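For the sequence shown, my numbering assigns the number 27 to the initial residue and increments by one for each residue that follows.
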Amino acid sequence: MKAFKTAILATSLAALAGCASLDKSPICNPSHQWVAWSDVRCNPSTAPTDMTDNTARDAAARIAALEKDRQRLADELAAAQKQNSALSSRVSDLERQLAAAKQRNSDLEAQLAAMGGMAGDKNKLAAELAAARQRIADLEKQLADCEARVADLRSQLDQNKGSLAKAEKDLIKALQPEISKGTVSVHQSGDALTISLASSLLYDSGQDQLKAGGTDALKRVGGVLKDFPEKQVHVAGYTDNVAIKGALLKKFPSNKELSDARANSAAEALKDGGVSSNLSSAGHGDSNPIASNNTPAGRAKNRRVEVIVK
């Protein structure tokens, strides 16, 4: 029975360890984020106007608030992981103490039987035996409490994975037209659900304003995710490695700025779809390619927006 409980504990701790992969970057880890891509070789005549000063300040305030929320969640995760590690260590220690106490109990019982008529020693051993039995009872209770806590943590992890699976199913249904065309993909990996949207669906070349089809798709994503308000939603934008040229440089000095703008516009569409909290966005330029940038097809894959749900 103890071996079975220990196996359950090990499984729980392994599941918790997976949560530690959350990124600690100010906004997101490129390997876990949604991405917006653009063809930086654009028509400068189609570039949109600059943000107003008020909009820039509002955006900075929102970003600061989101970073504060992200840090809080990261701290909570670290605390949970630390607590889980301490519980694991405590369970192992209690099991060792329990085994030692049981051995001591057996030794005392053997000594008591061997003492025969030595009443004084017999009474002393009887008292020690009673104390040992009480110690065993105390250790067994502590062990049961620790195992209950581990079981509770495991249940929470299972519930999280279950809700992600439900969200994945609903998103696949809502985005079926785009999925069938290959412009959208949805997949769950570990404790994260990723919706990847091709840049060609969302934006015209070199632009950060959403096309009608892209806006509609993102609103549908928001309509599904609003039913999971406890989830963290991050929008990540990515580009290929072709440098920005010409007049567009005035608005987007590099691919990083273009991917930032695209991620922000995608996040706004998610808000319009119903995602009202736990939403953040960031651009990462060409820092996380998923295909070779040496071919047109590879560059097209690298220009994308990813919505990451945890």
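Don't be surprised by glycine CBs; every beta carbon is placed ideally from N, CA and C.
Note that the structure is a prediction, hence the values are computed from the model and not measured.
Item                                                                                                                                                                  : Value
Report the CB separation of residue 226 from residue 209 in whole angstroms; it is logged as a contact under 8 Å.                                                     : 7 Å
Could you tell me which residues DSSP puts in a beta bridge with residue 365?                                                                                         : Residue 365 cannot be examined here, being either before or after the span of the chain that is shown, 27 to 336.
Considering only C-alpha positions, which residue in the set 93, 164 and 223 is nearest to residue 263?                                                               : 223
Quick check on this structure: which residue in 296, 274 and 268 has the alpha carbon closest to the alpha carbon of residue 326?                                     : 268
With a CB to CB cut of under 6 Å and the five nearest residues on each side skipped, what residues in its chain are close to residue 175?                             : 113
I need the DSSP call for residue 317, collapsed to helix, strand or coil.                                                                                             : coil
From the DSSP secondary-structure annotation, give me the bridge partner or partners of residue 274.                                                                  : Residue 274 pairs with nothing; no bridge assigned.
Can you find the residues in the same chain that come closer than 8 Å, C-beta to C-beta, to residue 66, ignoring five residues on each side of it along the sequence? : With a pLDDT of 40 at residue 66, under the threshold of 50, the predicted position of this residue should be treated as unreliable, though the coordinate-derived value follows. 232, 265, 266, 268, 269, 270, 271, 274, 278, 281 and 284.
Assign residue 146 to one of two classes, buried (16 or more other C-beta atoms within 10 Å of its C-beta) or exposed (fewer than that).                              : exposed
Who are the near neighbours of residue 137 in its chain, counting only those whose CB is closer than 7 Å to its CB and skipping five residues on each side?           : 151
Residue 210 bridges to which residues according to DSSP?                                                                                                              : 223
If you run the structure through DSSP and keep just helix, strand and coil, what is residue 333?                                                                      : strand
Roughly how many angstroms separate the alpha carbons of residue 205 and residue 314, rounded to a whole number?                                                      : 22 Å
My guess is that residue 221 and residue 197 are in contact by the Cβ rule of under 8 Å, so how many angstroms apart are they, rounded?                               : 6 Å
Roughly how many whole angstroms lie between the Cα atoms of residue 103 and residue 202?                                                                             : 34 Å
Would residue 158 and residue 130 qualify as a contact pair, given that the criterion is a beta-carbon distance under 8 Å?                                            : yes
Along the chain, where does the alpha helix (DSSP H) containing residue 3 start, and where does it finish?                                                            : For residue 3 there is no data in the structure shown, the boundaries of the chain being 27 and 336.
Could you tell me the distance, in whole angstroms, from the CA atom of residue 333 to the CA atom of residue 160?                                                    : 56 Å
Hey, is the region 121 to 130 in contact with the region 89 to 98, meaning 3+ C-beta pairs nearer than 8 Å?                                                           : no
Going along the chain, which residues of its own chain have a beta-carbon closer than 6 Å to the beta-carbon of residue 290, five neighbours each way excluded?       : 307
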